[in-house]
Amino acid sequence: MLTREEDVLQAAASWRQEGRGVALATVVETWGSAPRPVGSHLAIDEEGNFLGSVSGGCVEGAVVAEAAEVIADGRPRLLEFGVANETAWQVGLSCGGRIAVYVEKVS
Numbered sequence: 001m002l003t004r005e006e007d008v009l010q011a012a013a014s015w016r017q018e019g020r021g022v023a024l025a026t027v028v029e030t031w032g033s034a035p036r037p038v039g040s041h042l043a044i045d046e047e048g049n050f051l052g053s054v055s056g057g058c059v060e061g062a063v064v065a066e067a068a069e070v071i072a073d074g075r076p077r078l079l080e081f082g083v084a085n086e087t088a089w090q091v092g093l094s095c096g097g098r099i100a101v102y103v104e105k106v107s
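Residues in the sequence shown are numbered consecutively from 1, following the UniProt record's numbering.
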């Protein structure tokens with residue numbers, strides 16, 4: 001079941017109100033074939049729980065790992081995944097697409 005973007009944003013706000021450390025990942029750019037459109041979100045809490053989707057497959061695992069760092073140090077990151085990257089096959093973008101994902105701490 002796909003989660004609505006509004007649900008992801010509401011979850012991030014709710015988790016933050018509960019006192020959890022939270023990061024929000026957003027697809028900011030796509031090139032070629034990409035599984036999720038620009039504006040797609042993934043909310044991640046400090047325990048690694050997440051809701052939403054920015055790509056699927058291993059990309060989300062990599063984004064969740066980076067989100068933990070963003071929560072810890074407060075510095076946003078712009079992540080890029082794609083076939084030009086040697087990790088493309090590892091993160092599941094063997095279809096020829098590329099994506100850029102912005103990860104920021106929710107305060």
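A virtual CB, placed ideally from N, CA and C, is assigned to each residue, including glycine.
Determine the direct distance from the alpha carbon of residue 66 to that of residue 79, and round the result to whole angstroms. As a working note, residue 79 is residue 79 in the sequence shown. As a working note, residue 66 is residue 66 in the sequence shown. Distance between the alpha carbons of residue 79 and residue 66 is about 9 Å.
Tell me the start and end of each unbroken alpha helix (DSSP H) in the segment 18-98 that is at least 4 residues and wholly inside, in chain order. For the segment 18-98, whole alpha helix (DSSP H) runs of length 4 or above, ordered along the chain, are 57-73, 88-91.
Is it buried or exposed for residue 18, if we count other Cβ within 10 angstroms and need 16 for buried? Position 18 of the sequence shown holds residue 18. Its Cβ having fewer than 16 others within 10 Å, residue 18 is exposed.
Look up residue 5 in the DSSP assignment and give the residues it is bridged to. Position 5 of the sequence shown holds residue 5. Looking at the DSSP assignment, residue 5 forms no beta bridge with any residue, so it has no partner.
Assigned exposure category for residue 73 - 16 Cβ within 10 Å defines buried: To locate residue 73, count along the sequence shown from 1; it is residue 73. That one is exposed.
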